Amino acid sequence: MKILYDHQIFASQTYGGVSRYFAEVIHRLPASAWEVTATLSNNHYARLYGIVRCREFLPQVDFRHKGRLMAELGKPYSAFRLRRGDYDIYHPTNFDTFGFRAAGRRPVVVTYHDTNFLTPHNYNRRMARLQHASLKRADRIIAVSENTRQDLLSHFDLRPETIEVIHHGVSRLPAEAFAAIEPPQRPYILFVGLRHAFKNFTTFARAFSLLAPRYPDLRVICTRTPFSQEERMLFRKLGIEQRMEVVVADEATLARLYTDAEMFVFPSKYEGFGMPILEAMAYGCPCLLAEASCFPEIADKAALYFPPDDSEALAAEMERLLCSAELRHRLTTLGLQRVKRFTWERCAEEHLKLYKSML
């Protein structure tokens, strides 16, 4: 058995949840069971695990649509490998449909991560069209959560028996990998990820502003991109500008941030899976989540929840956690137990089982 994974996500992402998912699964499959058709890749995870052995593309230069350009440049070789036909199953790593004609009648597996591009606040006509075409061609579909499976069935005319739920795993760096990183000034609340519309960051900022006057030493640390002008204007309006900080964090720095945070707050209204939830629990960080999307499916009783649009309720739950070391300890213990259910080894085994069932 041989699975052919195309280049798409390993060309378009340097870091990111989707490329990490594919890299974590692929490198745990038997070496003879897979091939990745990447000719250009700057992807951290693919290189970390040795699943691509191709050239980097201008690694020191960043520009708009660089990933999209790399994905386009990689199409000819991927199409060539697909036409050669020395594989059993084609598993595209993103939703560009270029490979389906080259794959001919061979079985296709598609992984569906979320329906963000179909929601009114984030609708993207091109992505909706590509996703529909990919799902229509797929012989089997992997949904990363039961919530995502139900979203698929509500948005598309699909046969339920073709959709398999396979949860992601989580991996934890050993303590020595981040022991040398200077811990940030405490106490702080951690926010991980992007901050645009459906991530509900504004509700979080407003909740923190309600809490901040009573806790003058408390800060918020965010990861990813620098604050926008609009965000800084919001902070000034709320009186919290000096309490908000951004850290551009690699994996080791992020591990340190999770480990030392008072809590991790995830106010997002929708995710296909919510990988930061598992990461936080794996590092013993108490979790406070919006009661929405797949979050109760992933965290179950190992987190506290709040109504996603209620900043006052969020502020109250944050204060409840800050005031109770016993509650923080209980959530930490439950979280460490919960993440044992989510391993990349189990995820890879379930992929392998699915592939074998198609032959």
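Numbering-wise (this note's numbering), the sequence shown opens with residue 180 and increments by one. For glycine and all other residues, C-beta sits at the position ideal for the given N, C-alpha and C. A quick note: this is a predicted structure, and the numbers were derived from the prediction, not measured.
Assigned exposure category for residue i - 16 Cβ within 10 Å defines buried
i    : result
A356 : exposed
C502 : exposed
K378 : buried
D479 : exposed
S313 : buried
M454 : buried
A354 : exposed
T341 : exposed
R520 : exposed
V197 : buried
E409 : exposed
G418 : exposed
A358 : exposed
V518 : buried
M412 : exposed
L237 : exposed
S333 : exposed
Q364 : exposed
S407 : exposed
L390 : buried
Minimum C-alpha distance to residue i - residue among the options
i    : options                : result
D489 : P475, E505, S257, A471 : A471
R422 : R435, Y302, P392       : P392
I268 : D293, R316, F370       : R316
S211 : M180, L297, C233       : M180
G264 : A282, A250, G278       : A282
A440 : P465, E235, L538       : P465
A255 : R226, F443, Q187, F236 : Before going further, note that residue 255 is Pro rather than Ala in the sequence given. Taking only the C-alpha atoms, the option nearest P255 is Q187.
E361 : N222, L436, F383, R243 : L436
E491 : T438, A469, G278       : A469
R260 : T298, W213, S388       : W213
H300 : Q364, P363, A258, H375 : H375
T438 : A258, R507, L531       : R507
L531 : T298, F279, E343       : E343
A548 : F279, S388, R304, R280 : Coverage of the chain is limited to positions 180 through 538, which leaves residue 548 absent and any answer about it impossible.
V427 : A434, E420, R403, Q516 : R403
M497 : P366, H311, T298       : P366
Span separating the alpha-carbon of residue i from that of residue j
i    : j    : result
V190 : Y184 : Residue identity differs from the one stated: residue 190 is Ala in this sequence, not Val. Approximately 12 angstroms, taken between the alpha carbons.
S536 : T276 : 24 angstroms
D330 : R385 : 30 angstroms
G514 : A504 : 15 angstroms
Q239 : S220 : 13 angstroms
V288 : F296 : 20 angstroms
F414 : V425 : 13 angstroms
R232 : P475 : 39 angstroms
R262 : A307 : 26 angstroms
G229 : F380 : 36 angstroms
L227 : A202 : 9 angstroms
L467 : A225 : 32 angstroms
Q192 : R243 : 13 angstroms
A459 : F443 : 7 angstroms
R304 : R280 : 22 angstroms
C473 : G246 : 29 angstroms
P209 : Q516 : 29 angstroms
E420 : A434 : 25 angstroms
D241 : L538 : 42 angstroms
Y534 : H311 : 22 angstroms
C-beta atoms of residue i and residue j nearer than 9 angstroms
i    : j    : result
T218 : G253 : yes
F274 : L248 : no
R207 : A527 : yes
S447 : P405 : no
I182 : H292 : no
T432 : G463 : no
S324 : F452 : yes
T272 : T294 : no
Y200 : N222 : no
Y302 : R285 : no
W523 : V204 : yes
L483 : F383 : no
I477 : L500 : no
L352 : E235 : no
A258 : G278 : yes
Interface flag, residue i vs chain C, CB-CB below 9 angstroms
i    : result
E529 : Given the protein chain composition of this structure (a single chain), no chain C is represented.
Can we say the segment 389–401 touches the segment 310–324, given the rule of at least three CB pairs closer than 8 angstroms? no
Should the segment 399–409 be called in touch with the segment 366–383, which here means at least 3 C-beta pairs below 8 angstroms? yes
Could you tell me whether the segment 511–530 touches the segment 343–353, where touching means 3 or more Cβ pairs closer than 8 angstroms? yes
Take every Cβ of the segment 331–338, pair it with every Cβ of the segment 443–457, and state whether three or more of those distances are shorter than 8 angstroms. no
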